[in-house]
Amino acid sequence: MTRKDHEQRPQSGRNSSPAERVLFGGIGAGLIALSLGQRGQVGTLLATGGALLVAGAAMGQGLGETVTGVRRTEDDQIKVEKAITIGMGADELYAFWRNFENLPRFMDHLESVKVQDGEGQRSHWVAKAPVGTSVEWDAEITADEPGRRIAWRSLEGANVPNEGEVEFRPAPGDRGTEIHVSLTYRPPGGTLGATVARLLGEDPNVQIEHDLRRLKRLLEVGHIPTTEGQSSGRKGAMKAEARMYDNRRTS
Amino acid sequence: MKAVVWQGVNRVSVETVPDPQILQPTDAIVRVTKTAICGSDLHLLDGYVPSMVHGDIVGHEFMGEVVEVGSEVRKVKVGDRVIVPFPIACGKCWYCQKGLTSLCDNSNPNPGLAEKFWGYSPAGLYGYSHITGGYAGGQAQFARTVYADANLFKVPDGLTDEQVLFLTDIFPTGFMGAEHCQIEPGDVVAVFGAGPVGLFGIASAFLLGAERVIAIDRFPERLEMARTYGAETINYEEENVFELLKEMTGGRGPDSVMDAVGLEAQAHGMLGVADAVKQTTRVLESDRPHALRAAIMACRKGGTVSVPGVYGGLADKIPVGAFMNKGLTMKTGQTHVHRYLDRLTGYIQRGEIDPTRIITHRLSLEEAPHAYEIFKHKHDGCIKCVLDPWADPGDHEPTPAPQPQG
Numbered sequence: 012m013t014r015k016d017h018e019q020r021p022q023s024g025r026n027s028s029p030a031e032r033v034l035f036g037g038i039g040a041g042l043i044a045l046s047l048g049q050r051g052q053v054g055t056l057l058a059t060g061g062a063l064l065v066a067g068a069a070m071g072q073g074l075g076e077t078v079t080g081v082r083r084t085e086d087d088q089i090k091v092e093k094a095i096t097i098g099m100g101a102d103e104l105y106a107f108w109r110n111f112e113n114l115p116r117f118m119d120h121l122e123s124v125k126v127q128d129g130e131g132q133r134s135h136w137v138a139k140a141p142v143g144t145s146v147e148w149d150a151e152i153t154a155d156e157p158g159r160r161i162a163w164r165s166l167e168g169a170n171v172p173n174e175g176e177v178e179f180r181p182a183p184g185d186r187g188t189e190i191h192v193s194l195t196y197r198p199p200g201g202t203l204g205a206t207v208a209r210l211l212g213e214d215p216n217v218q219i220e221h222d223l224r225r226l227k228r229l230l231e232v233g234h235i236p237t238t239e240g241q242s243s244g245r246k247g248a249m250k251a252e253a254r255m256y257d258n259r260r261t262s
Numbered sequence: 002m003k004a005v006v007w008q009g010v011n012r013v014s015v016e017t018v019p020d021p022q023i024l025q026p027t028d029a030i031v032r033v034t035k036t037a038i039c040g041s042d043l044h045l046l047d048g049y050v051p052s053m054v055h056g057d058i059v060g061h062e063f064m065g066e067v068v069e070v071g072s073e074v075r076k077v078k079v080g081d082r083v084i085v086p087f088p089i090a091c092g093k094c095w096y097c098q099k100g101l102t103s104l105c106d107n108s109n110p111n112p113g114l115a116e117k118f119w120g121y122s123p124a125g126l127y128g129y130s131h132i133t134g135g136y137a138g139g140q141a142q143f144a145r146t147v148y149a150d151a152n153l154f155k156v157p158d159g160l161t162d163e164q165v166l167f168l169t170d171i172f173p174t175g176f177m178g179a180e181h182c183q184i185e186p187g188d189v190v191a192v193f194g195a196g197p198v199g200l201f202g203i204a205s206a207f208l209l210g211a212e213r214v215i216a217i218d219r220f221p222e223r224l225e226m227a228r229t230y231g232a233e234t235i236n237y238e239e240e241n242v243f244e245l246l247k248e249m250t251g252g253r254g255p256d257s258v259m260d261a262v263g264l265e266a267q268a269h270g271m272l273g274v275a276d277a278v279k280q281t282t283r284v285l286e287s288d289r290p291h292a293l294r295a296a297i298m299a300c301r302k303g304g305t306v307s308v309p310g311v312y313g314g315l316a317d318k319i320p321v322g323a324f325m326n327k328g329l330t331m332k333t334g335q336t337h338v339h340r341y342l343d344r345l346t347g348y349i350q351r352g353e354i355d356p357t358r359i360i361t362h363r364l365s366l367e368e369a370p371h372a373y374e375i376f377k378h379k380h381d382g383c384i385k386c387v388l389d390p391w392a393d394p395g396d397h398e399p400t401p402a403p404q405p406q407g
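These protein sequences, in sequence, are chains F and Z.
Our numbering puts the first residue of the first sequence at 12, with every later residue one more than the last.
Our numbering puts the first residue of the second sequence at 2, with every later residue one more than the last.
This is how it looks when you write it as structure tokens:
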């Protein structure tokens, strides 16, 4: 019934794309070649690094992807799947999500979503992109089962083609509703681009997790907890150190 | 205002910092009238709790008077005398609804950090590092408290600050430690550590029906106080604890054993030295689990190990074979303070327990660095320090000597 999109886009057993394997395999071979001219520890280091890269390329396991946890599909897209349980009924949660204009309230990277027709089938999305830029696209709803599931995808012409799906499943006992989100997108530069982006701190995997947590806090408590602006005896550099922790991870 | 501030390993200072403000509509500001130093604050002092930042205001045992409330606070009013449980409950999530408030899903603003260390994030705690939220603590003249309606508890008329102060942490912590022992009539309970939590654990074990309680420590004043609570005692520096516990229980072993020590346990021998060396590196091992090892070994077959002592990360050489082959149960956790307050307040009101008996030192907030020093090294017979944020240094009532109870 609702799992079809996942089945259609299976996860690849290899986390780096063919282009990356060629690139990093090449770099690895280059390092090994370089090491032949070196003596002592430098040579050993270069050869070891080269061998690791070549081995990773041969197996399709890139170091960057392994570190960042990038998951790619067989057609070189990025897939992110996250779930959270919220102590509310599925109908309420569905209704909140179905109004896409609510999404920027908890999705940190979204600037706005504007519904463009009466039924809310089509919408215009604006998302924050690295270095202060933004990305825009139009999307349409592709599946809509009240209280159970919503799926959408970007229309022709999107810079970052993407599709998403959210399912609302009753949680066992009195635990509320499980929200399962799945996003698939084709990042600029393919999965290599995604790996670089993730190493630079733009990590959709983490973003979606934090977005869902913000949603839970917004709906269960009414707001997101913060310590921003609290008093302390911090001075100078310590303020920056504290900011690394304070609220970085949820808001 | 004045506040006790973490300044790095073994350094706390009293500084003038900005007064706290309402940051969210569910906040309340409390004028702190009594606060205390907890054994777990020593883990911060010693630098074994990660993610402390220089300048963080510490303290998680505090009570006082509400002086300001946010626009969405309904139940709590300006002028209320309140105690503030150290774990922060949102009051709405599944865990809070089940009374598991130290596991609140929503109150930690930095859950990602906790999830890296522990898999899932527990509740935010006051004054206890950024892994548990980075909230400013209560060893200060004022404190910002959050989700006031779910977290501030009105002090019943007729009870003094000192009588209720320990309801914020160590009394419920000792009580939950005893409850986790799953005591049945006739049970013998052994308690490693006769510090404040261990002493409340001893008293609580008797309240819950233990027939005998055996306390294990090395400081004469603590062992003496444990005896005034009705416990038999073992000085682990003078005795073979395992052999003596076995002998004292007719060869069976204690039915349940409480580890009220936690991650900085003292140990003799090679294992103790190895732990100390590894913990000092902050990398090889974060916790010295000697009391936990001893508790697992000493517990009778099919018994229960209760762990109110604080652990932070990874510990080596846990006798998991003993744990499994003896069919033990372990129960642990930061204290769900909120769920115990009614019951424990009742014990205090009826005079069945006098929490103030463990106080050995009353000092001003200004004297906090000295208080930390004597508390850490157990100098001057120090068992528990209470700080008055509004007293001048030296200007406090004398502390009466402990009296046998009952």
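Virtual Cβ for every residue (Gly too), placed ideally from N, Cα, C.
Since the structure is predicted, the reported quantities are computational estimates derived from the model, not experimental observations.
### Task
Would you mind sorting Phe35(F) into buried or exposed? The rule is 16 or more other CB atoms within 10 Å of its CB.
Residue 35(F) sits at position 24 when you count from the first residue of the first sequence. That one is buried.
### Message
Within the continuous alpha helix (DSSP H) that includes Glu163(Z), where are the two ends?
### Response
On the second sequence, position 162 is the one that residue 163(Z) refers to. Element bounds for Glu163(Z): Asp162 to Leu166.
### Query
How long is the line joining the alpha carbons of Gln8(Z) and Gly100(F), rounded to whole angstroms?
Walking along the second sequence from the start, residue 8(Z) turns up at place 7. Walking along the first sequence from the start, residue 100(F) turns up at place 89. The straight-line gap from Cα to Cα measures roughly 47 Å.
#### Entry: Members of the segment 25-36 of chain Z near chain F, C-beta cut-off 9 Å
So the close ones are Gln25, Pro26 and Thr27.
### Query
If contact means a Cβ-Cβ distance below 7 Å, which residues of the segment 141-156 of chain Z contact chain F?
Arg145 and Val147
### Query
Which one or two residues does DSSP pair with Gly65(Z) in a beta bridge?
Looking up residue 65(Z) in the second sequence gives position 64. Paired residues: Val33(Z) and Val83(Z).
### Task
Identify which residue in Val242(Z), Arg32(Z) and Phe63(Z) has its Cα closest to the Cα of Gly80(Z).
Here residue 80(Z) refers to the residue found at position 79 when the second sequence is read from its first residue. Selected option, being the one with the closest Cα: Arg32(Z).
### Task
Answer yes or no: does any C-beta atom of chain Z fall closer than 8 Å to that of Val232(F)?
Residue numbering aside, residue 232(F) sits at position 221 when the first sequence is read from its first letter. So, interface residue.
### Query
Cβ of Val214(Z) within 8 Å of Cβ of Val192(Z)?
Against the second sequence, residue 214(Z) aligns to sequence position 213. Against the second sequence, residue 192(Z) aligns to sequence position 191. With respect to Val192(Z), Val214(Z) sits close: the two C-beta atoms are nearer than 8 Å.
### Among Thr237(F), Ala138(F) and Val142(F), nearest to Ser165(F) - alpha-carbon criterion
Here residue 165(F) refers to the residue found at position 154 when the first sequence is read from its first residue. For the residues Thr237(F), Ala138(F) and Val142(F), the minimum Cα distance to Ser165(F) belongs to Ala138(F).
#### Entry: Arg25(F) versus Gln72(F) - alpha carbon distance
Numbered from 1 along the first sequence, position 14 holds the residue referred to as residue 25(F). Numbered from 1 along the first sequence, position 61 holds the residue referred to as residue 72(F). Roughly 6 Å separates the two Cα atoms.
### Query
Is Asp278(F) buried or exposed, if buried means 16 or more other CB atoms sit within 10 Å of its CB?
Here chain F has residues from 12 to 262 only, and residue 278(F) is not among them.
### Query
Are Gly328(Z) and Gly303(Z) close, meaning C-beta to C-beta below 8 Å?
Here the question's residue 328(Z) lines up with position 327 in the second sequence. Here the question's residue 303(Z) lines up with position 302 in the second sequence. It is a contact, given that the beta carbons lie within the stated cut-off.
### Task
Tell me the start and end of each unbroken alpha helix (DSSP H) in the segment 139-212 of chain F that is at least 4 residues and wholly inside, in chain order.
If you keep only unbroken alpha helix (DSSP H) runs of at least 4 residues inside the segment 139-212 of chain F, you get 201-210.
### Task
Taking only the alpha-carbon atoms, compute the straight-line gap between Lys240(F) and Glu156(F) and give it to the nearest angstrom.
Translated into positions along the first sequence, residue 240(F) becomes position 229. Translated into positions along the first sequence, residue 156(F) becomes position 145. With the sequence shown as reference, residue 240(F) is identified as Gly, and Lys is not the correct amino acid for it. Computed Cα separation, rounded: 43 Å.
### Query
How would you call Glu248(Z), buried or exposed, if buried means at least 16 neighbouring beta carbons within 10 angstroms?
Here residue 248(Z) is taken as the residue at index 247 of the second sequence, counted from 1. Looking at its Cβ environment, which holds fewer than 16 other Cβ atoms inside 10 Å, Glu248(Z) is exposed.
### Task
Answer yes or no: does any C-beta atom of chain Z fall closer than 8 Å to that of Arg225(F)?
Here residue 225(F) refers to the residue found at position 214 of the first sequence. With 8 Å as the cut-off, Arg225(F) does not count as an interface residue toward chain Z.
### Query
Where Ser14(Z) and Pro86(Z) are concerned, what is the direct C-alpha to C-alpha distance, given to the nearest angstrom?
In the second sequence, residue 14(Z) corresponds to position 13, counting from 1. In the second sequence, residue 86(Z) corresponds to position 85, counting from 1. Ser14(Z) and Pro86(Z): Cα-Cα distance of roughly 24 Å.
### Task
Could you say if the segment 252-262 of chain Z and the segment 226-242 of chain Z meet the contact criterion of at least three C-beta pairs nearer than 8 Å?
no
### Query
Just the Cα atoms here: how many angstroms apart are Glu62(Z) and Arg12(Z)?
Counted from its first residue, the second sequence places residue 62(Z) at position 61. Counted from its first residue, the second sequence places residue 12(Z) at position 11. Cα-Cα distance, rounded: 19 Å.
### Query
Excluding sequence positions up to five away, which residues of its chain have a Cβ less than 8 Å from the Cβ of Ile184(Z)?
The count along the second sequence starts at 1 and reaches residue 184(Z) at position 183. Excluding sequence neighbours, Ile184(Z) sits near Val190, Ala206, Leu209, Gly210, Ala211, Asp256 and Ser257.
### Message
Give me the chain Z residues within the contact set of Tyr256(F), using Cβ-Cβ distance strictly less than 8 Å, ordered along the chain.
### Response
Mapped onto the first sequence, residue 256(F) falls at position 245. Here the neighbours are Ser52, Val54, Asn111, Leu114, His131 and Gly135.
### Coarse secondary structure for Pro1(Z), derived from DSSP in three states
Look at the range of chain Z in this structure, 2 to 407, and you will see that residue 1(Z) is not part of it.
### Query
Any idea which residues DSSP pairs Ala94(F) with across the strands?
The sequence position of residue 94(F) within the first sequence is 83, counting from 1. Residue pairing by DSSP places Ala94(F) opposite His191(F) in a beta bridge.
#### Entry: Three-state secondary structure assigned by DSSP to Asn111(Z)
In the second sequence, counting from the first residue as 1, residue 111(Z) sits at position 110. Asn111(Z): coil per DSSP, three-state reduction.
### Message
Under 7 Å, CB to CB, which of the residues in the segment 161-192 of chain Z have a partner in chain F?
### Response
none
### Query
List, in order along the chain, the chain F residues whose C-beta lies closer than 8 Å to that of Val74(Z)?
Translated into positions along the second sequence, residue 74(Z) becomes position 73. Within chain F, no residue comes near Val74(Z); the closest Cβ sits about 12 Å away, beyond 8 Å.
### Message
Looking at the strands, I want to know which residues DSSP matches up with Pro88(Z).
### Response
Taking the second sequence and counting its residues from 1, the one referred to as residue 88(Z) is at position 87. According to DSSP, Pro88(Z) bridges with Leu126(Z).
### Query
Roughly how many angstroms lie between the CA atoms of Thr133(Z) and Val53(F), to the nearest whole one?
The count along the second sequence starts at 1 and reaches residue 133(Z) at position 132. The count along the first sequence starts at 1 and reaches residue 53(F) at position 42. Using only the alpha carbons, I get a separation of about 43 Å.
### Query
Quick one: which chain Z residues come within Cβ less than 7 Å of Met249(F)?
Position 238 of the first sequence, counted from the first residue, corresponds to residue 249(F). The answer, in chain order, is Val54, His55 and Gly56.
### Query
Using a C-beta cutoff of 8 Å, does Trp391(Z) count as contacting chain F?
Stepping through the second sequence from its first residue, residue 391(Z) is reached at position 390. Cβ-Cβ to chain F under 8 Å: no for Trp391(Z).
### Task
Could you list which residues in chain F have their beta carbon closer than 9 Å to that of Pro21(Z), in chain order?
Mapped onto the second sequence, residue 21(Z) falls at position 20. Ordered by position in chain F, the residues that pass the 9 Å Cβ test against Pro21(Z) are Gln241 and Ser242.
### Task
Determine the direct distance from the alpha carbon of Met70(F) to that of Ile89(F), and round the result to whole angstroms.
What you label residue 89(F) is simply residue 78 of the first sequence in a count that begins at 1. What you label residue 70(F) is simply residue 59 of the first sequence in a count that begins at 1. Whole-angstrom Cα-Cα distance: 19 Å.
### Task
Would you mind sorting Val198(Z) into buried or exposed? The rule is 16 or more other CB atoms within 10 Å of its CB.
Walking along the second sequence from the start, residue 198(Z) turns up at place 197. Buried is the call here.
#### Entry: Inter-residue Cα distance where the pair is Ser130(Z) and Trp148(F)
Counted from its first residue, the second sequence places residue 130(Z) at position 129. Counted from its first residue, the first sequence places residue 148(F) at position 137. The straight-line gap from Cα to Cα measures roughly 42 Å.
### Task
In the DSSP assignment, find the unbroken beta strand (DSSP E) run with Ile215(Z) in it and report its ends.
On the second sequence, position 214 is the one that residue 215(Z) refers to. Unbroken beta strand (DSSP E) run through Ile215(Z): Arg213 to Asp218.
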